[in-house]
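So that you can map any letter, position 138 of the sequence shown is 137 in numbering that gives the first Met the number 0, and since no number is skipped, the others follow by simple counting.
Read the structure below first, then the notes.
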Amino acid sequence: MVELNKELMCQRERFKKMPLTSNPAETWTISKPKVSGSKGVVVAQEIEAASVGAGIIEIGGNAIDGAIATAFALSVTEPWMSGFGGGGFMILYLAAEKKVRVIDFGMISPRLIDPTDYPLSGKVGADLFGWPAVIGDVNLHGAKSIAVPGSIAGYGLAVENFCSKSWGELISPAVKLADRGHRKTWWTTLNVAAEAAVLGRYSQSKMDWLPGGLVPSVSANNEDTYLNLAKFAKTIKLLKENGPKYFYEGEFARNLVADVQEAGGKLSETDLKDYSAQIIDPLSVQRGDLIYNLLPGMSAGPTFLDALKNIPEFPSTHPSTFSHTIIADSLMKAYKKRLEVMGHAGDIGDRSCTTNISTVDKAGNMAVITSTLLSRFGSRFVAPTSGILMNNGINWFDPRPARPNSIHGGKKPLSNMCPMIATCEGRPIFGIGASGGRKILPAVFQIASFINDFDMDLDVALSHPRFDVSGINEITYDPRLDQETQRSLESMSVADPWMPATFPSMYAVPSGVQILADGTLVGAAHGLSPLTGAVGV
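Shown next as structure tokens:
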């Protein structure tokens, strides 16, 4: 806590000397100190869901149990970021085996998708970077933007192989939350308002999220506190009773497919029936005394590894102009290679819809889940029969033909997710991840460096000023960085200062857990996102 207070004092001094930034500065100073727990810690982007996961650990569940229960709860408490209609990755440290494993539950394009259904308009897309817009933005919202969802399969695979609690036990708290409804906050109001124009195009979306045709707001007298999600509440009860396969086969799957196809999408019963999440090995690389365990394949993990290859051992004990410049240069080169070899992934970050969960328990198990609908509210299409908010995973694909990441049937798109777990001599040290589209990789990379190279505690590392290079040919930097570092970044590329803000988040929304040298379990959340939180038990 003393170290964090010193860091905040230094930041306040730098604030007084800052140049004008590209955004109107929010003038509050916010910190969220790390939280510890003797049994475990759960960190999530919404505190009520984190409390659900922590409650599971408190009654004997392990870190993976806590993470899965939190993910279920987020489908009610933060539904625009993730949910049953989405997909993602989780990376797990299994204490009994002293092994790190990855579960890939990413989305896949429908087999029958037709690239000609996405003709280019000749304009630049609002949600895209580096490729043209599609006529009608049908790759961004609506049924044609929907990919095969993987979340339920991924959570089911984790329960079957790594959890100590049953499927029913882990989903039950979310069932209760769904019966109650989504608790409205000013954050609900902001997120719905940001997508209201598109949500209003789809009947069930409008019914659920724009009651009476209006953006929901918080009642001053504490009445009308919850949004009714009756259809989703019925669906989650059915999933509790029938298990994860129910989502992908039989009557439920037929109804989901019918909803999507009636609205013009190409999702099929075969797509759902043939979908499976996968348990795979991580991509592992040594950095100093630690092993970084990353996602392989169509994720940000390989790009993280490419950037790390160019990073020397830093001579100083604190981040410096030299270290910031080297990291920025390495990340930009790695992004360039990613573009040439793997292609773009079409989520800039300020509109991306992703959540991150980090958990740890007293046995040393650790889990980091990054799950998404892609854009905020995904496709903005709520399936009328089930009340499930569906993804817009087709937006990950480049709509131009003959590109590394072009639209194709039955294909897994390139994503930007980057949860990681660092180990030392077979023991977990920290696990971190973030939401924020293309901004995820630069954030996770820098935070890992702060902890490993400069021995920062997790909470200090999360709050330390960073830069973002996800624009590939431009840099956005926190003006609290020292003047020499700012000049160095400006000499490398077009560079603009941007003061960290609640909305939009220009440097991603990271969180994580850590096991200190004395065995203390800690967790910390991004300070500027209002509902993020760490809960220890």
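Ideal placement from N, C-alpha and C gives every residue a C-beta, glycine not left out.
Since we're looking at a predicted model, the values are computed, not measured.
Distance between beta carbons of residue j and residue i, contact taken as under 8 Å
| i | j | result |
| --- | --- | --- |
| G522 | G535 | 7 Å |
| T358 | G54 | Their Cβ separation, rounded to whole angstroms, is 12 Å, which puts T358 and G54 out of contact at 8 Å. |
| V137 | D116 | 7 Å |
| T316 | S487 | Contact doesn't hold; Cβ gap of about 19 Å is too wide. |
| K183 | M297 | No, K183 and M297 are not in contact; Cβ-Cβ is about 36 Å, not under 8 Å. |
| L294 | V101 | 6 Å |
| F444 | I326 | 7 Å |
| T320 | E483 | 5 Å |
| A48 | G141 | Their Cβ separation, rounded to whole angstroms, is 28 Å, which puts A48 and G141 out of contact at 8 Å. |
| K164 | G60 | 5 Å |
| G409 | I107 | 6 Å |
| A43 | G532 | 7 Å |
C-beta contact flag for residue i and residue j at 7 Å
| i | j | result |
| --- | --- | --- |
| A177 | F231 | yes |
| A333 | A299 | no |
| K31 | A524 | yes |
| I387 | G84 | yes |
| I145 | G264 | yes |
| I90 | I420 | yes |
| A62 | D280 | no |
| V217 | W186 | no |
| L330 | C352 | no |
| V82 | G149 | The sequence shown places Gly at residue 82, rather than the Val named in the question. No; because the gap between Cβ atoms is not below 7 Å, this pair is not in contact. |
| T188 | V214 | yes |
| L209 | Y247 | no |
| F380 | W79 | no |
| A94 | A362 | yes |
| P509 | L461 | yes |
| A382 | L530 | no |
| G526 | I29 | yes |
Other residues of its chain near residue i: CB distance less than 8 Å, five sequence neighbours each side excluded
| i | result |
| --- | --- |
| A257 | T384 |
| T269 | R110 |
| N472 | S492, V493 |
| K143 | D116, Y117, V137, G263, G264, K265, I393 |
| P131 | L119, S120, G121, K122, V123, G124, P398, R399 |
| E250 | none |
| K244 | G155 |
Other residues of its chain near residue i: CB distance less than 7 Å, five sequence neighbours each side excluded
| i | result |
| --- | --- |
| T475 | F466, D467, D495, W497, M505 |
| K205 | L198, G199 |
Identity of the residue in the options nearest residue i by Cα
| i | options | result |
| --- | --- | --- |
| Y225 | V101, E77, I279, P243 | E77 |
| G212 | S218, Y201, F303 | Y201 |
| A72 | V147, K244, I235 | I235 |
| E45 | T28, S35, A68, G36 | A68 |
| C423 | I446, L330, I514 | I514 |
| A500 | L520, A70, S528 | S528 |
| N355 | G149, G511, N404 | G511 |
| P172 | F380, A66, T484, S37 | A66 |
| F161 | G199, K98, E194 | K98 |
| L169 | K33, G52, G526 | G52 |
| L282 | N292, G526, G249 | N292 |
| G36 | G532, T531, L520 | L520 |
| R479 | P318, A196, D273, V340 | P318 |
| Y274 | S322, G287, A252 | A252 |
| R337 | I446, P403, M206 | P403 |
| A193 | S374, I310, E159 | S374 |
| L228 | N221, V284, S490, D207 | D207 |
| Y92 | R426, S434, N190, G532 | R426 |
| A447 | N309, V191, R286, I56 | R286 |
| K233 | E96, G105, N221, V75 | V75 |
Neighbourhood of residue i by C-beta distance below 6 Å, restricted to the same chain and skipping five residues each side
| i | result |
| --- | --- |
| G167 | K239 |
| I134 | P118, S120 |
| H463 | F449 |
| S50 | V534 |
| Q277 | D103 |
| D349 | Its pLDDT being 47, under 50, D349 is placed unreliably by the model, and the measurement read from it follows with that caveat. Excluding sequence neighbours, D349 sits near P503. |
| S322 | F313 |
Contact test: residue i Cβ vs the ligand NAP heavy atom, cutoff 6 Å
| i | result |
| --- | --- |
| R337 | The ligand content of the structure shown is nil, which means the ligand NAP is not present either. |
Report yes or no: do three or more beta-carbon pairs, one from the region 454 to 465 and one from the region 382 to 393, lie closer than 8 Å?
Touching, no, given that fewer than three Cβ pairs across the two stretches are closer than 8 Å.
Stretch-stretch touch, CB-based, cutoff 8 Å, three pairs: the region 366 to 377 with the region 423 to 433:
yes
State whether the region 436 to 453 contacts the region 409 to 418, with contact taken as three or more CB pairs (one from each stretch) at a distance under 8 Å.
yes
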